[in-house]
Structures are given as structure tokens and as C-alpha cells.
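For the sequence shown, the numbering used here gives the first residue as 7, with consecutive numbering after it. By construction, the Cβ of each residue, glycine as well, lies at the ideal position given by its N, Cα and C atoms.
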Amino acid sequence: MAQKDTNPYKYSDSNKRYMTYDWYMKRRFGGKVAKVTLDIGCTCPNIDGTRGHGGCIYCKRGSRSAVGEDLAEQYRNGVAVASRKWKPVGFIPYLQSNTNTYGDVDRLARAYSDAADLEGAVMLDIATRADCLSDEIISELVSLARRIPLTVELGLQTTCDSTAELINRCHTYDEFCRGYTRLKAAADMVNGEFPGDSEWDLPMKRLLICVHIINGLPGETADHMLTTARDVARLRPDMIKIHLMHVLDGTPLGDMCLRGEYTPMEREDYVNITCDQLELLPPETIIARVTGDGVASELLAPMWSTRKTEVANEIDKELYRRNACQGAKWFE
């Protein structure tokens with residue numbers, strides 16, 4: 007009998023014991039959808055001096071995703087790459103580089119509108135920080151979500167303020183929660199206007215919120231990472247991305263690593279802590295990522311992260327070994 011035949015987790019049609027982004031999107035849109043990463047020229051408040059300088063210590067500043075290309079050209083190129091890999095039924099323009107709700111509101115609104123108009127776009131995705139959600143920006147996001155389904159991704163990384171200070175995040179967990187709460191109230195309002203498909207047991211919301219966390223941040227123990235997972239679980243976001251801390255050449259964290267001041271996580275430790283976190287998260291939360299891989303030419307460590315399929319497979323095996331799944335310890 008295959009693992010998928012004994013899988014106790016409800017929101018899966020495979021051996022995955024957590025709700026994958028791919029599974030959710032296929033259920034929502036009827037087939038594979040592909041993200042197309044776009045750069046609209048934003049910076050960050052911890053880069054330009056508003057909140058700090060230098061950016062997060064792991065951030066490879068200056069390596070913009072599409073320097074010199076306009077939005078439509080970036081999108082065409084991304085669609086061409088995705089279409090060679092898959093047969094997507096639609097595409098998600100993903101405004102990823104830096105903080106995409108930070109800057110002149112009129113300019114941002116035009117960029118959002120242009121992205122929504124891109125041919126084949128079925129949803130938009132905007133990456134930002136919770137301390138960059140002004141009333142004007144939230145109003146723009148609500149209007150956008152009424153026009154096209156929208157995901158807003160909020161980088162949190164950790165709920166430990168001392169770690170956030172060390173990585174030069176330049177906001178506290180309390181500040182994150184204030185921004186998150188305001189966005190969540192706006193999302194609840196717009197989602198209430200679109201009841202969705204009553205035959206589907208997961209609501210097809212117009213405005214979804216995704217929270218990012220990172221495992222392996224400098225100075226953090228397993229207890230720190232589990233505390234972050236518990237704190238985020240209490241927020242009940244629609245989606246979570248779990249990242250591994252990649253060390254990139256030319257970053258302050260890379261320099262720390264070369265000096266022996268930072269030791270990256272081992273693969274077994276990462277697999278175990280990620281499984282622990284999945285057990286703590288609400289079962290209805292979309293898990294948009296359980297690992298990732300840095301740019302190979304820039305990656306200093308950990309080198310095992312380049313084999314992300316193997317890492318995901320090890321997470322599957324560990325959950326099976328435990329006879330556990332996402333949400334197994336939710337509310338315990």
C-alpha cells in the first residue's frame with residue numbers, strides 16, 4: 007500500500023502530509039499555475055535609512071531580478087520559461103524584490119494595475135513588510151483584491167526581537183502584529199464580499215496573507231524556532247513559507263560565516279525542526295514552502311540545500327515515520 011493511501015491528512019492527494027501550495031492552486035484554478043517573478047524597482051526602509059541601513063544581513067542587495075526590463079518584458083520572459091517547464095493554466099505575477107508596498111503610493115498603484123492587466127494573470131502576489139502597510143496602501147490592496155485574487159506576503163522571519171535586531175530587520179514583533187492585524191481586518195472585509203464556492207471545503211479568498219519565517223537564523227535554538235511557529239500559528243495566516251537560512255557570498259552573514267561566527271543548520275536538524283513546526287500549524291494553512299535553494303553561484307552554505315527535492319522528501323519521510331501531519335499538535 008502506498009503512503010498516500012494511509013495518509014491521515016485531509017488536504018492532500020499524495021504522500022504529502024501538509025497542504026502544499028501546488029495542491030491548493032490546482033484545486034482553486036483547475037491546473038498548474040506558475041509564478042512569474044517581477045521587479046518594480048522598490049527598495050526597503052532598512053536599506054534607504056528610513057529605519058536602518060544595509061538591509062537584512064542575509065540579503066544580497068544589488069542583485070535585482072530584472073534590471074533594465076520593463077514589467078511586460080519581465081513577464082513575457084518569465085512566462086516563456088514557465089511554459090517550457092510546465093503547461094500552466096494561468097500565471098501569478100509576483101512582485102518579489104524588496105518591499106513592494108514601500109514608496110510613492112500612486113506609482114505603486116500603477117504598477118499593481120499594470121500587473122493585474124498582464125495576459126494570463128489569474129492572481130497577483132505582492133511581497134512586503136508589515137511595517138510598510140499605510141492606510142493608503144491597504145486601501146489600494148483591497149481595491150486590487152476586488153479586481154483580481156491577491157496574496158500579500160509579509161516577511162517576519164522570527165518573533166524573537168533580539169534576533170530581529172541582530173539580522174538588522176529594523177522592526178519588532180509587536181510592530182509586525184500591528185501591521186498584520188490591520189491587513190487582516192481589511193482582508194476579512196473584502197473576503198466577506200466574495201463568498202466563494204460553497205462546494206469547496208476551503209474558502210477561495212480574494213485576499214490571502216502569507217507569513218515568512220526562517221529556520222537557522224544566527225543565535226537561534228530549536229526553542230526559538232518553535233516559538234516563532236507557535237506565535238505565527240496563533241495569528242492564523244492563510245499561508246506560511248518556511249525558509250532555510252542560506253548564506254550568500256558578499257553579505258554580512260556570509261562574512262560572519264567565513265569568520266566562523268555563524269554555523270549553518272545541518273540537514274537532519276532542519277528536517278526535524280520543520281516537521282515539528284508543521285505539527286504546530288493549523289491544518290487549514292497553506293504551506294507555500296518548506297525549504298528553498300540559494301543561487302548556486304552565490305551560495306556559501308549549507309551546500310546540502312542545493313538538493314531541495316531531497317530535503318522535501320526527507321520531510322515527507324520523517325512525518326511518515328512519526329505518523330504525524332500538519333496540525334497534529336495544533337492547539338496542544
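Query: Simplified DSSP assignment, three categories, for N197; Result: helix
Query: Presumed contact (8 Å Cβ cut-off) between P14 and C331, rounded CB distance; Result: 6 Å
Query: Cβ-based neighbour list, I53, same chain, cut-off 6 Å, excluding 5 preceding and 5 following; Result: G61
Query: DSSP three-state assignment for W336, whether helix, strand or coil; Result: coil
Query: D131 - partner residues in DSSP beta bridges; Result: Y100, T157
Query: Rounded straight-line distance, which links the Cα of E316 to that of M25; Result: 18 Å
Query: Of the listed residues L287, N319, N329, nearest to K335 (C-alpha basis); Result: L287
Query: Helix, strand or coil at C216 [DSSP, three-state]; Result: strand
Query: Beta bridge counterpart(s) of N221 as assigned by DSSP; Result: L250
Query: L156 beta carbon less than 9 Å from that of L114; Result: no
Query: Where H59 sits in the DSSP three-state scheme; Result: strand
Query: D54 (DSSP reduced to helix, strand or coil); Result: strand
Query: For T291, three-class secondary structure by DSSP; Result: coil
Query: Meets three-Cβ-pair contact criterion under 8 Å: the region 186-196 and the region 119-128; Result: no
Query: contact_flag[the region 259-266, the region 30-46] where n(CB pairs < 8 Å) is 3 or more; Result: no
Query: Residues near L172 by beta carbon distance below 7 Å, same chain, minus five either side; Result: P224, G225
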